[in-house]
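Chemist: There's a structure below that I have some questions on.
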């Protein structure tokens with residue numbers, strides 16, 4: 005291979021994108037995407053873990069970097085590529101809004117690398133990842149006092165508010181009827197509950213079941229609710 009060709013391959017300062025820059029950007033984007041994936045896995049909660057989503061995250065940065073190298077300084081090419089992406093339809097329903105944020109995180113890092121903004125890519129990856137981990141450790145966003153319990157009661161006949169009021173007043177700090185469903189042979193009521201003392205939940209349920217006309221009860225806690 006001629007000396008000029010070797011020089012062009014390893015010269016990272018040229019205006020024209022060299023093969024070395026292309027390889028470096030793709031590998032560098034992959035490395036930073038791996039940090040993003042680690043952060044997502046570290047802070048993930050719930051049962052809906054998806055291996056395919058981790059592959060998507062780690063592929064998105066190198067792909068975005070490649071796209072930016074293709075359309076760099078080419079406005080017509082950028083619009084043509086945008087038109088091509090307009091045909092893509094994302095059919096997977098994402099239950100977690102944080103997953104969308106991580107996708108945008110990975111995409112942004114890829115764009116930064118593809119435009120040779122390496123310092124921005126590194127600092128953004130490290131700082132944002134650290135912030136996410138810190139917020140996760142501090143259980144950020146958990147409303148301690150606002151989240152209580154949801155009680156579902158199935159009864160043989162229609163109940164009035166006065167039927168359960170004495171029991172609710174004895175055990176609850178606050179309660180609210182969420183919905184009532186009436187059928188021919190069964191009635192269902194759902195309440196939001198806030199207990200005065202959460203150690204008395206079992207006693208509350210036992211007294212509730214002893215009320216005549218109640219077929220079944222179902223209590224769900226809002227604290228540390230499993231996401232799925």
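Residue numbers (my numbering): 5 to 232. Cβ atoms here follow ideal geometry from the backbone N, Cα and C, with glycine treated the same way.
Would you grab the beta carbon distance between residue 177 and residue 198 for me? Rounded to a whole angstrom, and I think it's under 8 Å.
Modeler: Your numbering for residue 177 matches position 173 in the chain shown. Your numbering for residue 198 matches position 194 in the chain shown. Indeed, because the Cβ distance is near 5 Å, the residues count as touching under 8 Å.
Chemist: Tell me whether residue 228 sits in a helix, a strand or coil according to DSSP, three-state version.
Modeler: Translated into positions along the chain shown, residue 228 becomes position 224. Low local confidence applies: a pLDDT of 48 at residue 228 is under 50, so the model's placement there is unreliable, with the coordinate-based value given in what follows. DSSP places residue 228 in the coil class of the three-state scheme, outside both helix and strand.
Chemist: Are the CB atoms of residue 196 and residue 212 within a distance shorter than 9 Å?
Modeler: On the chain shown, position 208 is the one that residue 212 refers to. On the chain shown, position 192 is the one that residue 196 refers to. Their beta carbons are not under 9 Å apart, which means residue 212 does not touch residue 196 by this criterion.
Chemist: Rounded to the nearest angstrom, what separates residue 166 and residue 56 at their Cα positions?
Modeler: Stepping through the chain shown from its first residue, residue 166 is reached at position 162. Stepping through the chain shown from its first residue, residue 56 is reached at position 52. Roughly 52 Å separates the two Cα atoms.
Chemist: Would you be able to state if there are at least three C-beta pairs under 8 Å between the segment 59-74 and the segment 110-128?
Modeler: yes
Chemist: Could you pull out every residue in the same chain whose Cβ sits closer than 6 Å to the Cβ of residue 58, ignoring the five residues on either side in sequence?
Modeler: As a first step, residue 58 is located in the chain shown; it is residue number 54 there, counting from the start. Only 41 meet the Cβ criterion.
Chemist: Ends of the alpha helix (DSSP H) at residue 158?
Modeler: To locate residue 158, count along the chain shown from 1; it is residue 154. Segment 153-159 is the beta strand (DSSP E) holding residue 158; no alpha helix (DSSP H) there.
Chemist: Thinking just about the alpha-carbon of each residue, which of 31, 159, 76 and 47 is nearest to the one in residue 62?
Modeler: One-based indexing of the chain shown puts residue 62 at position 58. The option with the nearest alpha carbon to residue 62 is 31.
Chemist: I'd like to know whether the C-beta of residue 132 is nearer than 9 Å to at least one C-beta of chain C.
Modeler: This model lacks chain C altogether; it includes just one protein chain.
Chemist: By how many angstroms is the C-alpha of residue 53 removed from the C-alpha of residue 126?
Modeler: Your numbering for residue 126 matches position 122 in the chain shown. Your numbering for residue 53 matches position 49 in the chain shown. For residue 126 and residue 53, the distance between alpha carbons rounds to 27 Å.
Chemist: Three-state secondary structure (DSSP) at residue 122?
Modeler: As a position in the chain shown, residue 122 is number 118, starting the count at 1. Correct three-state label for residue 122: helix.
Chemist: Considering only DSSP beta bridges, list what residue 220 is partnered with.
Modeler: In the chain shown, counting from the first residue as 1, residue 220 sits at position 216. Answer is 158, bridged to residue 220.
Chemist: Contact check, residue 208 vs residue 175 under 8 Å by CB: the rounded distance?
Modeler: Taking the chain shown and counting its residues from 1, the one referred to as residue 208 is at position 204. Taking the chain shown and counting its residues from 1, the one referred to as residue 175 is at position 171. The Cβ separation is near 4 Å, so the contact holds.
Chemist: Measure the alpha-carbon distance for residue 140 versus residue 191 and round it to whole angstroms.
Modeler: Residue numbering aside, residue 140 sits at position 136 when the chain shown is read from its first letter. Residue numbering aside, residue 191 sits at position 187 when the chain shown is read from its first letter. About 41 Å.
Chemist: How close, in whole Å, do the beta carbons of residue 26 and residue 72 come, if the pair is a contact with beta carbons under 8 Å?
Modeler: The count along the chain shown starts at 1 and reaches residue 26 at position 22. The count along the chain shown starts at 1 and reaches residue 72 at position 68. Not really, about 11 Å apart at Cβ, beyond 8 Å.
Chemist: Expressed to the nearest angstrom, what Euclidean distance is found between the alpha-carbon atoms of residue 218 and residue 200?
Modeler: As a working note, residue 218 is residue 214 in the chain shown. As a working note, residue 200 is residue 196 in the chain shown. Whole-angstrom Cα-Cα distance: 23 Å.
Chemist: The beta strand (DSSP E) with residue 195 in it runs from where to where?
Modeler: On the chain shown, residue 195 is found 191 positions in, with the first residue counted as 1. Counting along the chain, the beta strand (DSSP E) containing residue 195 begins and ends at 191-199.
Chemist: Could you spell out where the beta strand (DSSP E) holding residue 186 opens and where it closes?
Modeler: Position 182 of the chain shown, counted from the start, is the residue given in the question as residue 186. That run of the beta strand (DSSP E) goes 176-186.
Chemist: Using 8 Å for Cβ pairs, my map puts residue 43 next to residue 136. What's the rounded Cβ distance?
Modeler: Your numbering for residue 43 matches position 39 in the chain shown. Your numbering for residue 136 matches position 132 in the chain shown. That belief holds up - the Cβ atoms of residue 43 and residue 136 are roughly 5 Å apart, short of 8 Å.
Chemist: Which first and last residues belong to the alpha helix (DSSP H) in which residue 45 is found?
Modeler: Translated into positions along the chain shown, residue 45 becomes position 41. From DSSP, the alpha helix (DSSP H) with residue 45 extends over 23-47.
Chemist: Consult DSSP for residue 144 and reduce its assignment to one of helix, strand or coil.
Modeler: Sequence index remark: in the chain shown, residue 144 carries index 140 (1-based). It is coil, neither helix nor strand.
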